[in-house]
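All remarks here apply to the structure that follows.
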Amino acid sequence: GQSLEQPSEVTAVEGAIVQINCTYQTSGFYGLSWYQQHDGGAPTFLSYNALDGLEETGRFSSFLSRSDSYGYLLLQELQMKDSASYFCASRTSGAGSYQLTFGKGTKLSVIP
Amino acid sequence: AAGVIQSPRHLIKEKRETATLKCYPIPRHDTVYWYQQGPGQDPQFLISFYEKMQSDKGSIPDRFSAQQFSDYHSELNMSSLELGDSALYFCASSHGQGITGELFFGEGSRLTVL
Numbered sequence: 001g002q003s004l005e006q007p008s009e010v011t012a013v014e015g016a017i018v019q020i021n022c023t024y025q026t027s028g029f030y031g032l033s034w035y036q037q038h039d040g041g042a043p044t045f046l047s048y049n050a051l052d053g054l055e056e057t058g059r060f061s062s063f064l065s066r067s068d069s070y071g072y073l074l075l076q077e078l079q080m081k082d083s084a085s086y087f088c089a090s091r092t093s094g095a096g097s098y099q100l101t102f103g104k105g106t107k108l109s110v111i112p
Numbered sequence: 001a002a003g004v005i006q007s008p009r010h011l012i013k014e015k016r017e018t019a020t021l022k023c024y025p026i027p028r029h030d031t032v033y034w035y036q037q038g039p040g041q042d043p044q045f046l047i048s049f050y051e052k053m054q055s056d057k058g059s060i061p062d063r064f065s066a067q068q069f070s071d072y073h074s075e076l077n078m079s080s081l082e083l084g085d086s087a088l089y090f091c092a093s094s095h096g097q098g099i100t101g102e103l104f105f106g107e108g109s110r111l112t113v114l
């Protein structure tokens, strides 16, 4: 089966930097995605790492180490609107197709 | 840009009733996914279709079924509804079975079972 572990809650100050870690145990692993979801809203894609290393997209960066089965999402210059849940998700293969399995999510609270 | 369209956005049903959710993927996307998300939970994968053929099944109850039609829209049919089926149901679509790791989610259909 697939298993992704991430902290349940993180609190950070506006303007600061926060890192959300994700460790995974999956078979048929192809890559790690990150999604943001505001309360009652749809998950929206932030970043995807298929290979080891850092991917940067504006204020958001994501890192993957396949040998350590570990990744993280880095949010810089935090803004109040960044308060949301963040999910890591593994793209895996199974029965000839692909699916995206989500972690339990990390609720980020940005405080003034 | 066109997004994933889901209907209805809200649905209230009684126990043991049936419900049908509809999803219209982004044009030219070849893969459709259904996810169920309970309050405070992560999205749980239910089922997916690639080029109108069922490609993978997750934790979809036997009471649920889904299909994708020739125009690529998909429907999730839920029968003998239970209180525990109350959740947000998301449809998502992607191109190339999500090879970029990016799924495009609709706004969801909120099902309440009384």
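Just so you know, the protein sequences line up as chains P and E, in that order. Residue 1 is where the first sequence starts when you use our numbering, and the numbers rise one by one after that. Residue 1 is where the second sequence starts when you use our numbering, and the numbers rise one by one after that. The beta-carbon is built from N, C-alpha and C at its ideal position, and this holds for glycine as well.
Simplified DSSP state of residue i, which is helix, strand or coil
{"i": "LYS104 of chain P", "result": "coil"}
{"i": "GLY71 of chain P", "result": "strand"}
{"i": "LEU46 of chain E", "result": "strand"}
{"i": "LEU83 of chain E", "result": "helix"}
{"i": "GLN6 of chain P", "result": "coil"}
{"i": "GLN97 of chain E", "result": "helix"}
{"i": "ILE60 of chain E", "result": "coil"}
Own chain residues within Cβ distance below 8 angstroms of residue i, not counting five before or after
{"i": "GLN2 of chain P", "result": "TYR24, GLN25, THR26, SER27, SER90, THR92 and THR101"}
{"i": "VAL13 of chain P", "result": "LEU78, VAL110, ILE111 and PRO112"}
{"i": "LYS15 of chain E", "result": "LEU81, GLU82, LEU83, VAL113 and LEU114"}
{"i": "ASN21 of chain P", "result": "GLN6, PRO7, TYR70, GLY71 and TYR72"}
{"i": "THR57 of chain P", "result": "LEU46 and SER47"}
Boundaries of the beta strand (DSSP E) in which residue i is found, first to last residue
{"i": "MET53 of chain E", "result": "53 to 57"}
{"i": "VAL13 of chain P", "result": "9 to 13"}
{"i": "GLN79 of chain P", "result": "Element bounds for GLN79 of chain P: n/a, residue is neither H nor E."}
{"i": "THR44 of chain P", "result": "44 to 49"}
{"i": "ILE20 of chain P", "result": "18 to 25"}
{"i": "GLN68 of chain E", "result": "64 to 68"}
{"i": "GLN37 of chain E", "result": "31 to 37"}
Own chain, CB closer than 6 angstroms to residue i, minus 5 neighbours either side, in chain order
{"i": "PHE64 of chain E", "result": "MET78"}
{"i": "SER93 of chain E", "result": "VAL4, PRO25, ILE26, HIS29, VAL32 and PHE104"}
{"i": "GLY115 of chain E", "result": "This structure cannot settle anything about residue 115 of chain E, because the visible part of chain E is limited to 1 through 114."}
{"i": "LEU76 of chain E", "result": "LEU21, TRP34 and ALA66"}
{"i": "ARG66 of chain P", "result": "ASP52"}
{"i": "PRO43 of chain P", "result": "TYR35 and GLN37"}
{"i": "CYS23 of chain E", "result": "GLN6, SER74 and CYS91"}
Residues near residue i in its chain [Cβ-Cβ closer than 7 angstroms; skip 5 each side]
{"i": "ALA19 of chain E", "result": "LEU11, LYS13, MET78, LEU81 and LEU111"}
{"i": "ASP82 of chain P", "result": "LEU75, LEU108 and VAL110"}
{"i": "ASP85 of chain E", "result": "MET78, LEU111 and VAL113"}
{"i": "LYS57 of chain E", "result": "ILE47"}
Residues that residue i bridges to, as DSSP identifies them
{"i": "GLY31 of chain P", "result": "P:ARG91"}
{"i": "HIS10 of chain E", "result": "E:ARG110"}
{"i": "LYS22 of chain E", "result": "E:SER7 and E:GLU75"}
{"i": "THR57 of chain P", "result": "P:PHE60"}
{"i": "GLN99 of chain P", "result": "P:THR92"}
{"i": "LEU88 of chain E", "result": "E:GLN37 and E:ARG110"}
Cross-chain neighbours of residue i in chain B, by beta carbon under 8 angstroms
{"i": "THR100 of chain E", "result": "The chain labelled as chain B is not found among the protein chains of the depicted structure, namely P and E."}
Given 8 angstroms as the limit, is there contact between the stretch 93 to 111 of chain E and the stretch 30 to 50 of chain P, that is, 3 or more CB pairs closer than that? Touching, yes.
For the stretch 14 to 21 of chain P against the stretch 71 to 83 of chain P, do three or more pairs of beta-carbon atoms, one drawn from each stretch, fall closer than 8 angstroms, so that the two count as touching? Cβ pair count under 8 angstroms is three or more, so yes.
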